[in-house]
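A.B. asks: For the sequence shown, the numbering used here gives the first residue as 21, with consecutive numbering after it.
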Amino acid sequence: MISEAAINNAEWCDAMCRAHGHPGNFGRSAWTNGRRTPLYYPDAVTLSADASVRDVLDGIDRSTPGASVKDSFACLDLTAEGFRPLFEARWIHRPGWLPAPEVAVPADTSWRPVRDAAELAAWAMAWSGGDADEAALFRAELLADPATKVVAGYGADGRITGGAVLTDNWRVTGVSNLFAAEGTDPVEAWAGCLSLVDAGSPVVGYESGDDLPPALAVGFEELGPLRVWLATDA
Numbered sequence: 021m022i023s024e025a026a027i028n029n030a031e032w033c034d035a036m037c038r039a040h041g042h043p044g045n046f047g048r049s050a051w052t053n054g055r056r057t058p059l060y061y062p063d064a065v066t067l068s069a070d071a072s073v074r075d076v077l078d079g080i081d082r083s084t085p086g087a088s089v090k091d092s093f094a095c096l097d098l099t100a101e102g103f104r105p106l107f108e109a110r111w112i113h114r115p116g117w118l119p120a121p122e123v124a125v126p127a128d129t130s131w132r133p134v135r136d137a138a139e140l141a142a143w144a145m146a147w148s149g150g151d152a153d154e155a156a157l158f159r160a161e162l163l164a165d166p167a168t169k170v171v172a173g174y175g176a177d178g179r180i181t182g183g184a185v186l187t188d189n190w191r192v193t194g195v196s197n198l199f200a201a202e203g204t205d206p207v208e209a210w211a212g213c214l215s216l217v218d219a220g221s222p223v224v225g226y227e228s229g230d231d232l233p234p235a236l237a238v239g240f241e242e243l244g245p246l247r248v249w250l251a252t253d254a
């Protein structure tokens, strides 16, 4: 299941890169991008545990600072290649047969897909906490991607209470960029997000630190570690 989660996550990274005009390449062992990827997105993602250092580094741009690699199986050592560990996280999985979480989403909150560029811009500002540069990551081209669904929770006053990105590849649904606005319980945000996942679909993603317990509270289980490496010239 880690392989499925890694492939799904690479597909989301590729969707973000396509929205910025430079998709990556899927190889047998790794997804790589020969151009610098958008902020927070890796230049390579390993897709199998036997991916080698050369599988990931030969396909990325090292000419500008800040290259990063998502080691999906936490088994590479890129230290000798001028990288340092940036953070570690845990892959998570929620079986498709599990019932909906026993978490009550507030009655005055409704969850639905983001429908147009204006709603996406508002979602991105809520996700970024008002940082316009970070919000600019989410371009309207994402809305045309059939595998990508940006979802949001809306309060009775229209305020965005939370959101996430769902990536569906017909095998699993990946959850990324999940957030809860100030005053919203993250567990409620998870429950709202999951209400928009197709029935029966296994759900995958990754979380770390304080963001992990809310996912576990709605039925996710830990699968194993991943590690993100950052070039030391960043």
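Where a beta carbon is used, it is the ideal one built from N, C-alpha and C, also for glycine.
Because the structure is a prediction, the values reported are computed rather than measured.
1. In this structure, how does DSSP classify A94 when only helix, strand and coil are distinguished?
2. What number of angstroms, rounded off, separates the C-alpha of C37 from the C-alpha of P58?
3. So W210 packs on P105, CB below 8 Å; how close in whole Å?
4. Provide the residue(s) that pair with L186 in DSSP beta bridges, ordered along the chain.
5. Taking only three categories from DSSP, how would you classify S228?
6. Flag this pair as touching only if the region 211-223 and the region 92-106 have three or more C-beta atom pairs under 8 Å; answer yes or no.
7. Can you find the residues in the same chain that come closer than 6 Å, C-beta to C-beta, to A137, ignoring five residues on each side of it along the sequence?
8. What is the DSSP secondary structure of N45, counted as helix, strand or coil?
9. Going along the chain, which residues of its own chain have a beta-carbon closer than 8 Å to the beta-carbon of D81, five neighbours each way excluded?
10. Under 8 Å by Cβ, that's how I've got T187 and A35 pegged, so tell me the actual separation to the nearest angstrom.
11. Start and end of the alpha helix (DSSP H) containing W147?
12. Tell me whether E202 sits in a helix, a strand or coil according to DSSP, three-state version.
13. How many Å lie between P166 and V73 at the Cα?
14. Which residue wins for smallest C-alpha separation from D240, given the options A30, A120, E154, A26?
15. Determine the burial state of P85: buried for a count of at least 16 other Cβ atoms within 10 Å of its Cβ, exposed for fewer.
16. Out of P233, Y226, V238, state which residue places its alpha-carbon closest to the alpha-carbon of G244.
17. Tell me S88's beta-bridge partners as DSSP assigns them.
18. Tell me where the alpha helix (DSSP H) around A164 begins and ends.
19. Report the rounded CA-to-CA distance for T181 versus E208, giving the unit in angstroms.
20. Hey, would you say V224 sits closer than 8 Å to G178, going by beta carbons?
21. Checking the sheet assignment: what are the DSSP bridge partners for H113?
22. What residue range is occupied by the uninterrupted alpha helix (DSSP H) comprising A17?
23. Where do the N-terminal and C-terminal ends of the beta strand (DSSP E) with S83 fall, by residue?
C.D. replies: With the given structure in hand:
1. coil
2. 7 Å
3. Rounded, the Cβ-Cβ distance is 27 Å, inconsistent with contact.
4. Under DSSP, L186 forms a beta bridge with K169, V195.
5. coil
6. no
7. A160, listed in sequence order.
8. strand
9. For D81, the CB contacts under 8 Å within the same chain, skipping 5 residues up- and downstream, are N53, G54, R55, R56, D63, A87 in chain order.
10. Confirmed, about 7 Å.
11. 137-148
12. coil
13. Using only the alpha carbons, I get a separation of about 32 Å.
14. In the sequence as displayed, the identity of residue 240 is Phe instead of Asp. Of A30, A120, E154, A26, the residue nearest in Cα terms is A120.
15. exposed
16. Y226
17. L250
18. Neither: A164 is in no alpha helix (DSSP H) and is coded neither H nor E.
19. Straight-line spacing of the CA atoms in T181 and E208 works out to 10 Å.
20. no
21. Answer by DSSP bridge pairing, in chain order: V224, E241.
22. A query on residue 17 cannot be resolved here, the shown segment of the chain reaching from 21 to 254 and no further.
23. S83 -> no beta strand (DSSP E), and no H or E assigned at all.
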